[in-house]
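Residue numbers (my numbering), protein chains in the order written: chain A, 156 to 338; chain B, 526 to 794.
Glycine included, every Cβ here is placed at the ideal spot set by N, Cα and C.
Quantities reported herein were computed from a predicted structural model and do not represent experimental measurements.
Here's the structure, in structure tokens; my notes come after.
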Amino acid sequence: MLKFLSIVFLLAAVDAFAGPMEIKCLQCRDPQLYPKDYGNFAFNQVFGENSWVSLSQGNLLKISNRADRWAMVDLNHTLIYTPININLGIISTEFVMFSPEISIAVYSDTGNKHTYAAIPSGSDLIVGRTDDLPLSPELDYGQSYFDAPIKDRTSGSGSFIFVPQLYGYPGSHNGIVIVGPSY
Amino acid sequence: MKTSITAALLIAAAIIIWKFGPPAETPPEVESSPISLPQHSLTDADPFRALPSASDPITAPVAQADNNPFEMVLGIEVRKDRDCTVEVTYAVDSSTGESRKIYSCIPNSPREIDPYTTYPDETLAGMAYGNAHAAEVLGLRKLLSPDPEVEAQGLKLLLRSVALSNNSRGIAIAINARYSLVSSTQNSSDRVVDVPNVKRFYTLSLVSNTVSPGSMTPEIYRAELSKAGLDDKELDALAEKSRQILEDLAEIQTQITGDTHIREAMENA
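Pasting the structure below:
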């Protein structure tokens, strides 16, 4: 009996320390192939047409699909860190401001990470339909507005924005990341 | 002494069993999940949910100012103005034995459907000449096409909606739907910046910021492109493209609505 109760209390303690909130997404597909399904779904819970979760609660969410594949999604406001210093007597300070964009980092269960940005516009982001569409080589709109895609994508470890990469793992910054040039 | 401890533990067990009683009806959003064995569901509208307790974080009432838009429900912070019922399902993962709580918010009423989304393309195309919302709905529909030409028409319509409404929402929709990816890291390799997308992002953010100041932060994407290897000349060329787009939008706006807001914003920029 005591063993049973110990297990009950232990499970309750583990449950209290369960980590990020988990939400089921029925439309989400394979997180490795369609990571934006998970990021978009998480964004909709906080900023979408029928949002219901606060950003402080939803800045780190575990989204799982029907097949129990999952991804961790880190939503963040971005703070722009300006290099301008103003010397106020003995206090030297820098300007920081919020960016309207929300950075979304999706960590799939296979270890891949996708980072993108979305702009809250009152509309839901699309879940379960995009990501597999090829982008046009150029968007002409009557004239060429954009160049053709660059085949060899630039790689590098540097990061100016979307600092979840710098923190290594999501959830350590409570919905706000500070960005700026590294000095 | 031993007997009294055992009796106390039995009472505690009885309370736990009473609190986590037989499984409630499985919510629609998780009923088809193959993962788990639902143990019990709680909702914020459930009259039989656990009694409030000052020490229980799940049910303890939280003293909040009246102007706080959020409240604690079932242990999580949610919006007060939500139109859904928060529900939590307790589940046990059959493979690992882990206990999990899966949250959902079940709509209280059927979601309203935008009637424009039910219109055929031909109807919307006719309306899109002077109707910003029709241009927006048709633009998004076309933007999601796998055909690059149709995708370009979609962006054109979304930009038209910006001119007609004098609001940058159409650009946000375009970026959110197709052009939002900034970078990816696969199998712990180096971060790969999606340069073509970030170029679109930067150009459109300049347009957006001119139409609706402060709506986006072009500096972020300029810096990202600069780090990806684009020089000032290439970046300035993208800024020039944004001016071409703005010229077109100003012309559409003046012709259709008679407004000169975008033209004035360009001159003041």
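*asked:* If distances are taken between C-alpha atoms only, which option among A:N205, A:A272 and A:L188 comes closest to P743 of chain B?
replied: Looking at the Cα atoms, A:A272 is the closest of the given residues.
*In terms of DSSP beta bridges, what is A260 of chain A paired with?*
BP columns for A260 of chain A point to A:D229 and A:T270.
*Excluding the 5 residues preceding and the 5 following L181 of chain A in the sequence, name in chain order all residues of the same chain whose CB lies nearer than 8 Å to its CB.*
N220 and R221.
*Alpha-carbon to alpha-carbon, Y704 of chain B and P671 of chain B*: Cα to Cα, P671 of chain B sits roughly 14 Å from Y704 of chain B.
*asked:* Can you look up R806 of chain B in the DSSP assignment and give me helix, strand or coil?
replied: There is simply no residue 806 of chain B to check, as chain B begins at 526 and stops at 794 in what is shown.
*Figure out for me which residue from A:N195, A:R224 and A:H232 has the closest Cα to the Cα of S263 of chain A.*
A check of alpha carbon separations from S263 of chain A across A:N195, A:R224 and A:H232 identifies A:R224 as the nearest.
*Taking the alpha helix (DSSP H) that I178 of chain A falls in, what are its first and last residues?*
Here I178 of chain A belongs to no alpha helix (DSSP H); instead the beta strand (DSSP E) covers M176 to K179.
*Under three-state DSSP, which class holds E776 of chain B?*
Residue state for E776 of chain B is assigned as helix, using DSSP reduced to three classes.
*To which residues does DSSP link E602 of chain B through a beta bridge?*
Per DSSP, the beta-bridge partners of E602 of chain B are B:M597.
_As assigned by DSSP and simplified to three states, the class of S708 of chain B_ = The DSSP-derived three-state label of S708 of chain B is strand.
*Using a Cβ-Cβ cut-off of less than 8 Å, give me the residues of the stretch 175-188 of chain A that come near chain B, in sequence order.*
Of all residues in the stretch 175-188 of chain A, M176, E177, I178, K179 and L181 have a Cβ within less than 8 Å of some Cβ in chain B.
*Cutoff 7 Å; reference V201 of chain A; Cβ partners in own chain excluding five residues on either side*: For V201 of chain A, where only same-chain residues beyond five positions count, the Cβ hits under 7 Å are V208, L210, G213 and L230.
*Which residue from B:A677, B:Q678, B:A699 and B:A753 puts its Cα closest to that of S730 of chain B?*
Considering only alpha carbons, the answer is B:A699.
*Looking only at DSSP bridge pairs, what is L781 of chain B linked to?*
The question names Leu, but residue 781 of chain B is Ile in the sequence shown. BP columns for I781 of chain B are empty, so no partner.
*For L667 of chain B, collect the residues of the same chain with a Cβ closer than 6 Å to its Cβ; drop the 5 residues on either side in sequence, then sort them by chain order.*
Reading off the sequence, residue 667 of chain B comes out as Lys, not Leu. Apart from the 5 residues on each side of it in sequence, K667 of chain B sits with its Cβ closer than 6 Å to the Cβ of V675, Q678 and G679 in its chain, given in chain order.
*asked:* Beta carbons nearer than 7 Å to chain B: which residues of the stretch 263-282 of chain A have them?
replied: From the stretch 263-282 of chain A, only G266, N267, K268, H269, T270, Y271, A272, A273, I274, S276, S278, L280 and I281 have a Cβ closer than 7 Å to chain B.
*What does V208 of chain A pair with, by DSSP beta-bridge criteria?*
According to DSSP, which records beta bridges pairwise, V208 of chain A is partnered with B:V603.
*asked:* On the CB-based measure, 16 or more other CB atoms within 10 Å of its CB, does S634 of chain B come out buried or exposed?
replied: Under this definition S634 of chain B is an exposed residue.
*For E177 of chain A, which residues of its own chain have a beta-carbon under 7 Å away from its beta-carbon, when the five flanking residues on both sides are left out?*
Only K217 and S219 meet the Cβ criterion.
*At least one CB of chain A closer than 8 Å to the CB of G739 of chain B: is that the case?*
Yes, because at least one Cβ of chain A sits closer than 8 Å to the Cβ of G739 of chain B.
_Would you say the beta carbon of P594 of chain B is closer than 7 Å to some non-hydrogen atom of the ligand MN?_
Absence of the ligand MN from the depicted structure is noted, as is the absence of any ligand whatsoever, leaving it without description.
_I'd like the list of long-range same chain contacts for S693 of chain B, defined as Cβ closer than 7 Å, with 5 residues on each side in sequence excluded._
Residues of the same chain with a CB within less than 7 Å of the CB of S693 of chain B, apart from the 5 flanking positions on each side, are V687, S733, V736, S737 and S740 in chain order.
*Within the same chain, show all residues whose beta-carbon is closer than 6 Å to that of G783 of chain B, passing over the 5 residues directly before and after it, in chain order.*
Nothing meets the Cβ criterion.
_Could you check whether the Cβ of S228 of chain A sits closer than 8 Å to any Cβ belonging to chain B?_
Per the sequence shown, residue 228 of chain A should be read as Val rather than Ser. Taking CB atoms only, V228 of chain A has no neighbour in chain B less than 8 Å away.
*Quick one: what's got a C-beta closer than 7 Å to L763 of chain B's C-beta in the same chain, skipping five residues either side?*
Same-chain partners within the cutoff: K724, Y727 and T728.
*Quick one: complete alpha helix (DSSP H) runs, 4+ long, within the stretch 628-683 of chain B?*
Segments of the alpha helix (DSSP H) lying fully in the stretch 628-683 of chain B: 646-652 and 657-668.
*Express the C-alpha separation of D646 of chain B and G283 of chain A in angstroms, rounding to a whole number.*
When only Cα atoms are considered, G283 of chain A and D646 of chain B end up about 22 Å apart.
*Quick one: grab the DSSP three-state call for E792 of chain B.*
Look at E792 of chain B here: in three-state DSSP terms it is helix.
_Residues that Q711 of chain B contacts on chain A, provided the C-beta gap is smaller than 7 Å_ = In chain order: N267.
_Beta-carbon proximity list for T265 of chain A, same chain, < 8 Å, skipping 5 on both sides_ = Sequence-distant partners of T265 of chain A (beyond 5 residues in either direction) whose C-beta falls short of 8 Å from its own C-beta, in its chain, are P186 and Q187.
*Where L669 of chain B and D715 of chain B are concerned, what is the direct C-alpha to C-alpha distance, given to the nearest angstrom?*
Each residue's Cα considered, the two are about 29 Å apart.
_For the alpha helix (DSSP H) containing L750 of chain B, name the first residue and the last one._
For L750 of chain B, the enclosing alpha helix (DSSP H) stretches over residues P743 to K752.
*asked:* Determine, for N214 of chain A, whether the minimum Cβ-Cβ distance to residues of chain B falls below 8 Å.
replied: No, N214 of chain A lies away from the interface with chain B (no Cβ there is under 8 Å from its Cβ).
*What number of angstroms, rounded off, separates the C-alpha of P721 of chain B from the C-alpha of N267 of chain A?*
Going by the C-alpha atoms only, they are around 21 Å apart.
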